[in-house]
Each structure stands twice: as C-alpha cells, then as structure tokens.
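Here's the structure we're looking at; comments come further down.
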Amino acid sequence: MARVAVDVTPAHLDRPFDYAVPPEFDAAAQPGVRVTVRFSGRRVRGFLLERCSVSEHAGALSPLLAVVSPEQVLTPEIARLARAVADRWAGTLPDVLRLAVPPRHARVEREEGAAQAEGAVAAPAPARWQPYRGGPALLNALQDGRPVRAVWTTLPGTDWAAALADAVTAAASGGGGAVVVVPDARDVARCQAALEAVLPAGTVVALTADLGPAERYRRFLLLSRGRRRVVVGTRAAAFAPVRDLALCAVWDDGDDSLAEPRAPYPHARDVLLLRAHQAGCAMLLGGHVPSVEGYGLLATQWAQPVAGDRDVVRRYAPRVEVAGSDTALARDEAARSARLPTLAFDAVRRALAASGPVLVQVPRRGYQAALACIRCRVPARCAACAGPLQRPGAGATLACAWCGRAAVDWRCQECGADGVRAAVSGDRRTAEELGRAFPEVPVLRSGGEQVLDTVPTEDGPLLVVATPGAEPSAPGGYGAVLLLDAWSPLGRPDLRAAEDALRRWCAAAALARPAVRGGEVVLVGADAGVPAVQALVRWAPAGFVRREAEQRSALGFPPATRMAAVEGAPGPVAALVADVLTLAEVPRGLEVLGPVPVDEQTERTLLRAPRERGAELAAVLALAQRRRSAGRAGEAVRVRLDPVAIG
DNA sequence: TCAATCCGTATC
DNA sequence: ATACGGATTGAC
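Quick note: the first sequence uses this note's numbering, first residue 11, plus one each step.
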C-alpha cells in the first residue's frame, strides 16, 4: 500500500491517506511520484509519500488510479521540509507543495538529460574572505563540512557574488550540494556567473520565476535527478531538491521579494533556516546590512558574525556626505532643475573629471510623489517634525506624512513662496535633467523593464540613473554615487522603512570606489540626524540593526515576538480568533491586538506571542483553521505568520 | 406514508 | 470542497 498526500484544499484534510497499490503500478509507485486517486468520489492528484505494509485505516483501501509518471519529483527531504513549512506558517502541505514542486511537463521529462558533472571542485581561493573577522574560519569550516552558521556583513566595494561562490566552492568540495537564494533574477544571473567561474562545468543550475513551464521543469529535473548539485535562484529555489546538502545561503535576506506572496506566505530565509536545521548543514546569511532577523540569530548565538573590523571597513568604504533638503541648490541652472545641491553637483563633476562613472539612485516610480516648493523646488517639509508634506486628497489641506499635522500656512523655508508642486522623482526626468547639467556626458538608465548588469568597461565619464535594486555594477567602482530623494523611503509608515532605506542606500553606495581611491557618496535630501543616515555616513550597518532590533524588542515587535495577522470578513475573523482562545494549547502570554479595519469588507486582528512560543501560536492557528474548514464552510480567513508588512 | 430538505460527517 | 446518510419537516 501507499501513503498519499492528496491535493485538496480544506485544511482538515491535510494529512496522508492510504491506498492499495495494484500490481501493475507496484514498480512505478515509488516515494515522490505523482499519482491520481479516488478521493471522496472524485479523481484527485497527489504525491506518493511512502510505501508501507500496514495501514492505520480500518476500512477498505481504494486502489491508486494511476502513477502519473515514474519521476520521483518530491524527494523525502523536500516532503519533510514542506511539512515543516506548512506547520511553521499554519498552512497546508498541498499549498506548500504547489510552491515547492513545479508543474509536470511530459515532453521535457522524456528528453535525454544532461550528463552528470565530472571533475573535482577546485580548492577555494581564500583571499576574498581574508579581510573579514571570522572569514577564514568560516571558509575552513565549510571546507571541512562542519555545519557552521554565519551572518556575513559584506564589505562595500567587494564582489559579493564571487565571495559567495567561494563559500559554495568550499562547502561543495566534499561532494555535497548547495542552495543559494537571492532576491531577484539579476542577482541570480550574477551569482550563476560567479559560481560557474569557480565550479566545474555542469554543476550549477539557475532557477527564476520567468523561465516558463518547460525550462523550469527541465532545470528542476536536473536537480531531482542528481545531475546538478548547486542551485542559485529566487525564493522558490529554497525548495529545490538538492541532494547531500552542505550549505544553504541567502543573499540580502531583508529584501521583501524573499517573502512568498502565496499561502502560506513563507519567507525564503526562514525556509532555508528550517532546511539547514533539518539537513544539519551550514547556513550563511549575507548582505551589506544584516536583516533584523539575522541580527536575532547573532544575539541568540545561533549564528556567528562574519564582518570587517572598524579599520578594515574604513579602507573599503566610500566617503559619505549628507546634503540635507535645506542645503542650497547648486547655482548652475541645469543642476537646479535636476534638484542637485552644490555638494552633490560638485561630487559628480569631480568624479566625471576623473573619468569615473557616476551612479544616481532615484526612488522607484510609484513612490508617493514628494511635494516641493513651486518656485525653488526645495521639498516641502513639516514645520514640526521635518517630515514630507502630502496632500491627503484632491483639494485637501497639506499635511505631514509622518506626524499628520496639517500645514495650514505653509511657506517655503528657502524662498518664502507659498505654493507646492509634485516634485517628480522618476528616473526618466532625472536622467534628462542630469544630461542637461552635464551635456557632453552620456546617460544610461537602469530600472523597470530595462535593467543593466554592468556599465561598459571602456573608461570615460558616464552617468547611470537607476532605481533601487537595478544599479549596474561598474568594474572599477563608481567615482560618485548620488542617492536622491533620500527622505522618501523613510516616509513609509512601515516597521521596516528605515532598515529598507539603509539596505537600498548601502547596496548602491557599495558600488562606489573606496574613499582612498576618491569614491564619494552623497545622500541628497536626508536629515543627518536620522539613525539610518548616520549608519550610512559611518558605514556602521551592524550598530544600526542592533539598535533597530533592540527598539523592536522593547516595543514587542517581531522578531522579538511572533506575530500572526488574521485577516478577512469581520465575522469569520472574530470567530477564528475566539476559537483560538478556547483551545487548551493556546500559548501563554498570547495577546490579541485589534481588530482594526483594513478596507470596506476586511478587518485584521493581530495575535502576538513570545518568540519561543511561536510554534504553539502556529499550531493553534492551524488547528482552528482545521476546525473551521471541517464545520460550516464560511468565508475564508487569511492567516499570515511573521507578515513582512503589516498594513 | 412518502418525498424534499437540512444538517452533520467522512473523505483511505 | 463535496457526496452521502440519517433525521426532520411538510403535504398527500
């Protein structure tokens, strides 16, 4: 007989069901294959989890209707991981399996697979980890196959993908595999190139969401069939069926795109943490700025820090200056129209004169457009708290986006004008205006549909305007990096706004040359007193994140606590929460926050438990969902654990 | 006394 | 979810 995970929706059916295996399917009915079975009268698809000789089930067993294909796509390791992920996020196994196993593509399955890689893995070049305290030790541990766990704060101006590739090489030197998860397709391409540069041909496979069904399944099969043993990919790659796992790595784990938007909303970093724990393998979290969650792993000593000492950081970091919004604009007319203060304008001019490329980071389109003085274009700010002013609705009074105070008789601090206009902060316009300020310098744009990987290597002055995450790297480093509209991301009413802003700034600023080689970074339109700005100026991301973590801890925010957002129609949300509270297993110290209205027909209640009771919180939520789905079927209630954004 | 309907329950 | 059965209710 066989134990089958059937692909059905209701939460209370999330458990294995036993089926008899007809003799003709006996050979093909191996663990991990897709099957079809009759379930409650219907044909449904499922995965064969395991063969067994006895069944708990008292009644007669239905036979398997078919083995869809003999391909063992759900390896036991991934089945176990998927179960743990479902439990951790109070979701169901079928939901997780939809994220973990790509849809079958029969033609691809019949293709002749690529040959297995041959050749030994070269010994890694330790040079890239030499500057870090704990770097050489990390590399040695990986080389020796020890399950080290590290939070790596990347030095600015260094090739992080190459360093990551060295770590993977070390871990793979014993024949094991590695999973590397990065935020987006461009990072995948970059890591793939770095990995292929140091690993034997036929070792690496890249997985991204944009591959299309056939190619996605083809690459998945290379891993599940053991033809490749290293994968680099976006968030879904956390589930890639790599065998003999030696290392899980995640780059820039504070990036929102690592959070899966489909139920049960797992975060790739935490999936990999579970996976590394289950596999007993090494785990590496890297980034220019550690995430607050990463800091939490250091604070509990679960992981060790790998970072440059102060004097090392000073050698690598660019010089960072702040041009506040009250700074005078450059006198040059073109610079004025590009909203450039003198400090920034001069830095650009110096860098271009030295033949260096210049990077200009502009906030992503779609950010709330800032309001600025109608005459001199200095951003309109709140008199009380210096937050950006907004117009809450058409014809409404100006109000501060931070503190909410109405700005009744607003006047520009700079020139005294009393009107505002939308200060367009789009890359197109900035590109045009910078071009006008430096007419003989070519301007490249990177962002949206057109993302550049690197800027041309031939020397010569060049301006690159990019949105966050789309900054191309420059082979010798940028002479200057401008971070425009720096207050804009800080204005988001979000728990992570400051952390996110620092991450984006550091990602761009890290592409500058070090200060000793003349590299300059200018943060335009920032308040020098803001901690995130201070952290950039001093290139001290660890201190910022520690402080951020301590503040969140003091306020009872994640990750010091475990939160669950329960969202849906008011009745069902209240019913589910009430049900949770009746359960005997309800975690001690559980707090109920809300409900608060989200929109017309939706409301949200937050449940908060001490971090160490997170598993209990997930368990009672899952149990309540099961009870709910078993009884009167009402409207669905969405449960998100550790939601990335609340609100 | 039979049938349409409602609720509760199991789904291997 | 969805199909089935036992109880329930209503009409001949």
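Note that CB positions come from ideal geometry on N, CA and C, so glycine has one too.
Rounded C-alpha distance that separates residue i from residue j
i: residue 81; j: residue 305; result: 41 Å
i: residue 87; j: residue 294; result: 20 Å
i: residue 605; j: residue 474; result: 46 Å
i: residue 257; j: residue 51; result: 44 Å
i: residue 666; j: residue 496; result: Here the chain covers residues 11 to 657 and nothing more, so residue 666 does not appear.
i: residue 370; j: residue 624; result: 42 Å
i: residue 464; j: residue 478; result: 15 Å
i: residue 439; j: residue 351; result: 17 Å
i: residue 442; j: residue 603; result: 48 Å
i: residue 327; j: residue 511; result: 18 Å
i: residue 493; j: residue 518; result: 8 Å
i: residue 232; j: residue 613; result: 45 Å
i: residue 3; j: residue 587; result: Residue 3 falls outside the range modelled here, since the chain spans only 11 to 657, and no answer is possible.
i: residue 444; j: residue 268; result: 34 Å
i: residue 531; j: residue 330; result: 5 Å
i: residue 461; j: residue 599; result: 48 Å
i: residue 585; j: residue 637; result: 11 Å
i: residue 641; j: residue 559; result: 41 Å
i: residue 453; j: residue 523; result: 20 Å
i: residue 334; j: residue 539; result: 10 Å
i: residue 541; j: residue 193; result: 25 Å
Cβ-based burial, residue i [other Cβ within 10 Å; buried from 16]
i: residue 392; result: buried
i: residue 635; result: buried
i: residue 571; result: buried
i: residue 376; result: Residue placement at residue 376 is flagged as unreliable, the pLDDT there being 49, under the threshold of 50; the coordinate-derived value follows with that caveat. Exposed, by the Cβ-count rule.
i: residue 12; result: buried
i: residue 611; result: exposed
i: residue 516; result: buried
i: residue 179; result: buried
i: residue 167; result: buried
i: residue 63; result: exposed
i: residue 526; result: exposed
i: residue 420; result: buried
i: residue 238; result: buried
i: residue 283; result: buried
C-beta atoms of residue i and residue j nearer than 8 Å
i: residue 382; j: residue 446; result: no
i: residue 580; j: residue 647; result: no
i: residue 206; j: residue 214; result: yes
i: residue 528; j: residue 364; result: yes
i: residue 547; j: residue 332; result: yes
i: residue 188; j: residue 182; result: yes
i: residue 314; j: residue 144; result: yes
i: residue 302; j: residue 569; result: yes
i: residue 488; j: residue 366; result: yes
i: residue 281; j: residue 248; result: yes
i: residue 590; j: residue 651; result: no
i: residue 219; j: residue 171; result: no
i: residue 216; j: residue 243; result: yes
i: residue 83; j: residue 111; result: yes
i: residue 279; j: residue 260; result: yes
i: residue 318; j: residue 262; result: no
i: residue 58; j: residue 39; result: yes
i: residue 533; j: residue 484; result: no
i: residue 95; j: residue 54; result: no
i: residue 74; j: residue 33; result: no
i: residue 72; j: residue 48; result: yes
i: residue 368; j: residue 536; result: no
i: residue 102; j: residue 37; result: no
i: residue 649; j: residue 100; result: yes
i: residue 720; j: residue 394; result: In the structure as shown, the chain begins at 11 and stops at 657. Residue 720 is therefore absent and cannot be evaluated.
i: residue 264; j: residue 509; result: yes
i: residue 146; j: residue 165; result: no
DSSP bridge partner residues for residue i (one or two, in chain order)
i: residue 162; result: 296, 316
i: residue 67; result: DSSP, once it has assigned bridges, lists no residue as partnering residue 67.
i: residue 457; result: 460
i: residue 14; result: 27, 58
i: residue 432; result: 381
i: residue 476; result: 371, 456
**Report entry** Sequence ranges, alpha helix (DSSP H) only - wholly within the region 168-250, length at least 4
**Finding:** Taken in chain order, the whole alpha helix (DSSP H) runs of length 4 or more contained in the region 168-250 are 170-182, 195-208, 223-234.
**Report entry** Whole alpha helix (DSSP H) elements within the region 507-589, 4-residue minimum
**Finding:** Runs found: 507-519, 541-547, 551-565.
**Report entry** Complete beta strand (DSSP E) runs within the region 42-105 (minimum length 3 residues, chain order)
**Finding:** Counting only runs that start and end inside the region 42-105, the beta strand (DSSP E) elements of at least 3 residues fall at 44-49, 52-61, 74-77.
Query raised in the report: Which runs of the alpha helix (DSSP H) fall wholly inside the region 620-654 and span at least 4 residues, in chain order?
Result: Taken in chain order, the whole alpha helix (DSSP H) runs of length 4 or more contained in the region 620-654 are 624-640.
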